[in-house]
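**Q** Sequential numbering from 5 applies to the sequence shown in my numbering.
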Amino acid sequence: MDANLEEAAVILKTSRLKIMWKITIPMVLPAILSTFLLTFSSSMSAFAVPSFLGLPVRYQVLTTQMFRTLNGLNPGYGYVLALLMILLSVLILAINQRLIGGRRSYATVTGKSSNISLVNLGRGRSICSVIMLVFVASISIVPLISFAVESLILEPGNYHWSNFTAEFWIGDGVVGRLSSEPGIVRNQNILVGLWNSLKLSVACALLAGTIGFLGAYAIVRLRGSKASELLNNLTFFPYLIPNMAFGAIFLSMFAVRRGPIPALYGTFALLVLIGTVKYLPFASRAGISSMLQLSNEIEEAGTMLGIGWFKRMTRILIPIQKSSFISGYLLPFTSGMRELSLFVLLVTPSTRMLTTLLFQYNEKGWNQYANAINLIIILVVLACNFAINRLTGASIDKGIGG
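1) Beta-carbon within less than 8 Å of Glu159's beta-carbon, same chain only, minus the 5 sequence neighbours each way: which residues are those?
2) In whole angstroms, give me the CA-to-CA distance for Thr318 and Phe217.
3) Excluding the five sequence neighbours on either side, which residues of its own chain have a C-beta within less than 8 Å of the C-beta of Asn237, listed in chain order?
4) Can you tell me which of Ala391, Arg394, Arg316, Met357 puts its alpha carbon nearest to the alpha carbon of Asn378?
5) Look at the alpha carbon of Tyr63 and the alpha carbon of Ile36, and state the distance between them as a whole number of angstroms.
6) Note down, in chain order, each residue of its chain lying with its Cβ closer than 7 Å to the Cβ of Pro79, except the 5 sequence neighbours on either side.
7) Measure the C-alpha to C-alpha separation of Gly405 and Ile330 and round it to an integer number of angstroms.
8) Would DSSP call Phe3 helix, strand or coil?
9) Taking the alpha-carbon positions, what's the Ala12 to Met70 distance?
10) Alpha carbon to alpha carbon, how far is Pro60 from Ile90? Give it in angstroms, no decimals.
11) Once the 5 residues before and after Val384 are set aside, which same chain residues still bring their CB inside 7 Å of it?
12) Quick one: grab the DSSP three-state call for Ile36.
13) Under 6 Å Cβ to Cβ from Phe254, same chain only, skipping five residues before and after it: list those, please.
14) Would you give the residue range spanned by the alpha helix (DSSP H) that Pro336 belongs to?
15) Counting C-beta neighbours from all protein chains within 10 Å, is the total for Ile188 16 or more, i.e. buried, or is it exposed?
16) Taking the alpha carbon of Ser293 as the reference point, which residue from Leu349, Pro242, Gly219, Asn247 has its own alpha carbon closest?
17) Determine the direct distance from the alpha carbon of Phe337 to that of Val206, and round the result to whole angstroms.
18) Does Arg72 come out as helix, strand or coil in the three-state DSSP assignment?
19) Determine the extent of the alpha helix (DSSP H) in which Pro242 is found, giving its start and end residues.
20) Does the pairing of the stretch 240-252 with the stretch 32-49 give three or more beta-carbon distances under 8 Å?
21) Would you kindly check if the distance between the Cβ of Leu344 and the Cβ of Ala86 is under 7 Å?
22) Can you check whether the CB of Leu362 is closer than 7 Å to the CB of Gly251?
23) Applying the criterion that 16 or more other CB atoms from any shown protein chain within 10 Å of the CB defines a buried residue, is Gly213 buried or exposed?
24) Applying the criterion that 16 or more other CB atoms from any shown protein chain within 10 Å of the CB defines a buried residue, is Thr280 buried or exposed?
25) Residues in its own chain within less than 8 Å of Leu296 by CB, not counting five upstream and five downstream?
26) Pop quiz: Asn375 and Glu154 are said to be a contact at Cβ under 8 Å. What is the actual Cβ separation, rounded to whole angstroms?
27) As a quick exercise: from Asn193, Phe347, Leu395, Gly228, pick the residue whose alpha carbon is nearest that of Tyr365.
28) Quick check on Tyr163: buried or exposed, where buried means 16 or more other Cβ atoms within 10 Å of its Cβ?
29) If you run the structure through DSSP and keep just helix, strand and coil, what is Thr112?
30) Just to confirm my understanding: we take Ile29, look at its own chain, exclude 5 residues before and 5 after, and list those with CB closer than 8 Å. What are they?
31) In terms of residue numbering, what span does the alpha helix (DSSP H) encompassing Ile135 cover?
32) Can you list, in chain order, the residues of its chain whose CB lies under 8 Å from that of Ser256, leaving out five sequence neighbours each side?
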């Protein structure tokens, strides 16, 4: 946003509050509404946090109620809740389109100067730096330490050295003393869950990333047409549907065979299918962001030289925006590794995943196993992101689009 807009108001002796209300907020309205829309959709689909924190105090939300009804004696009530969640998301999307559609121009970057006004914090600079450092450390480093410590203590709440044990990691599972299952590194259920999580995340990343890239290419090249607008809305719409409701839809579709629709419930293919569709918005947004940065002249030059479409993609477009395209694969992979609410209704013992095992151990009260699985998921995601970053320069910490 051009700082001259606010500076002009200051020259006219406009108050800070009025500048914020009349100038700043209207100019950044699309970003505010998009943030609200995405946060609302994520909150509506949250299942793990309400389940883990709300279970001890019997605090219920739509996702936890839906899970219990669909796995209980009243699945019809669960599908009603799924429909309600979808309608709420569509309503928020309609409000967002209504507010933004009332004013067509939100351009803030023009040919005019765009000065940046820096604020001198003075002595407050060090204070702000310390506050932000503590905040970032508390939400990124402290949880890792907490998961590691909680997976090593025998009695929760007792942090004396004598209460620490490695039994939950390398033990053979002594019945009646700690648990009836072996430690993490010797537990076949957890090792199978880790393998399934990796397979599922890689499969969803490859499919969603490839389809998202092709969809982004079509959206950008057909920009301004009805087809581009329709395709753009279709690729983004799965994000607006809450994960639990999305899982309920696929459960009802593939629970039994209906004509040409096979009964995929209990198969790994169903998990790949729902993950690909759900994570398609991440890949398509990364692809659109990168394609918009490329001028049509680059591809047109290749076309004039008689270079085919596939060769133009692999030799020109993809190498130029390699980091951005790879981000379109990393985002689905990361989401698949940490996803619970999307798959919890569809997994079976043969397709168990780390997140569903975490949920089961937490319900049993085996918090040491649950904390260890949490730590494993985070370390796997960080290791994969670090490896990809070293090899290609792409990273999810750069945001959608690289």
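Virtual Cβ for every residue (Gly too), placed ideally from N, Cα, C.
**A** Quick answer:
1) Residue numbering aside, residue 159 sits at position 155 when the sequence shown is read from its first letter. Excluding residues within five positions, the ones whose Cβ falls inside 8 Å are Asn167.
2) As a position in the sequence shown, residue 318 is number 314, starting the count at 1. As a position in the sequence shown, residue 217 is number 213, starting the count at 1. Taking the straight line from one Cα to the other gives about 12 Å.
3) For the purposes of this step, residue 237 is identified with residue 233 of the sequence shown, where counting begins at 1. No residues qualify anywhere along the chain.
4) Reading the sequence shown from its first residue, position 374 is the one you call residue 378. The shortest Cα separation from Asn378 among Ala391, Arg394, Arg316, Met357 belongs to Met357.
5) Locating residue 63 in the sequence shown gives position 59, counting from the first residue. Locating residue 36 in the sequence shown gives position 32, counting from the first residue. Cα to Cα, the separation comes out at about 30 Å.
6) Within the sequence shown, residue 79 is the residue found at index 75, counting from 1. Thr73, listed in sequence order.
7) Here residue 405 is taken as the residue at index 401 of the sequence shown, counted from 1. Here residue 330 is taken as the residue at index 326 of the sequence shown, counted from 1. Low confidence applies to Gly405: its pLDDT is 42, below 50, so where it sits in the model is not reliable enough to give any reading.
8) Beyond the ends of the chain as shown, which are 5 and 406, falls residue 3; an answer cannot be given.
9) Position 8 of the sequence shown, counted from the first residue, corresponds to residue 12. Position 66 of the sequence shown, counted from the first residue, corresponds to residue 70. Approximately 53 Å between the Cα atoms of the pair.
10) Start at 1 with the first residue of the sequence shown, and residue 90 comes out as number 86. Start at 1 with the first residue of the sequence shown, and residue 60 comes out as number 56. Taking the straight line joining both Cα atoms gives about 28 Å.
11) As a first step, residue 384 is located in the sequence shown; it is residue number 380 there, counting from the start. Closer than 7 Å at Cβ, skipping near neighbours: Met341.
12) Sequence index remark: in the sequence shown, residue 36 carries index 32 (1-based). Looking at Ile36 - three-state DSSP - the assignment turns out to be helix.
13) In the sequence shown, counting from the first residue as 1, residue 254 sits at position 250. Hits under 6 Å: Ile278.
14) If you number the sequence shown from 1, residue 336 lands on position 332. Per DSSP, Pro336 belongs to the alpha helix (DSSP H) from 326-342.
15) Looking up residue 188 in the sequence shown gives position 184. So Ile188 counts as buried.
16) The residue you call residue 293 lines up with position 289 of the sequence shown. If we check each option's Cα against that of Ser293, Gly219 comes out closest.
17) Mapped onto the sequence shown, residue 206 falls at position 202. Mapped onto the sequence shown, residue 337 falls at position 333. Rounded to whole angstroms, Val206 to Phe337 spans 6 Å at the Cα level.
18) The residue you call residue 72 lines up with position 68 of the sequence shown. Three-state result, Arg72: helix.
19) Taking the first residue of the sequence shown as 1, we reach residue 242 at position 238. Note, Pro242: alpha helix (DSSP H), 230-244.
20) yes
21) If you number the sequence shown from 1, residue 86 lands on position 82. If you number the sequence shown from 1, residue 344 lands on position 340. No.
22) Residue mapping note: residue 251 aligns to position 247 of the sequence shown, counting from 1. Residue mapping note: residue 362 aligns to position 358 of the sequence shown, counting from 1. Not closer than 7 Å, so no.
23) Numbered from its first residue, the sequence shown carries residue 213 at position 209. It is buried - the Cβ of Gly213 has at least 16 other Cβ atoms within 10 Å.
24) For the purposes of this step, residue 280 is taken as residue 276 along the sequence shown, with counting starting at 1. By the 10 Å Cβ count, Thr280 comes out buried.
25) Stepping through the sequence shown from its first residue, residue 296 is reached at position 292. The residues are Val224.
26) Against the sequence shown, residue 375 aligns to sequence position 371. Against the sequence shown, residue 154 aligns to sequence position 150. Right, their Cβ atoms sit about 4 Å apart.
27) Stepping through the sequence shown from its first residue, residue 365 is reached at position 361. Here the closest residue by C-alpha is Asn193.
28) The residue you call residue 163 lines up with position 159 of the sequence shown. It is exposed - the Cβ of Tyr163 has fewer than 16 other Cβ atoms within 10 Å.
29) One-based indexing of the sequence shown puts residue 112 at position 108. Here Thr112 scores only 46 on pLDDT, less than 50, and its place in the model should not be relied on; the value that follows carries that caveat. Looking at Thr112 - three-state DSSP - the assignment turns out to be coil, as it is neither helix nor strand.
30) Numbered from its first residue, the sequence shown carries residue 29 at position 25. Result list for Ile29: Ile36, in chain order.
31) Taking the sequence shown and counting its residues from 1, the one referred to as residue 135 is at position 131. Its alpha helix (DSSP H) spans residues 128-144.
32) Residue numbering aside, residue 256 sits at position 252 when the sequence shown is read from its first letter. Hits under 8 Å: Tyr83.
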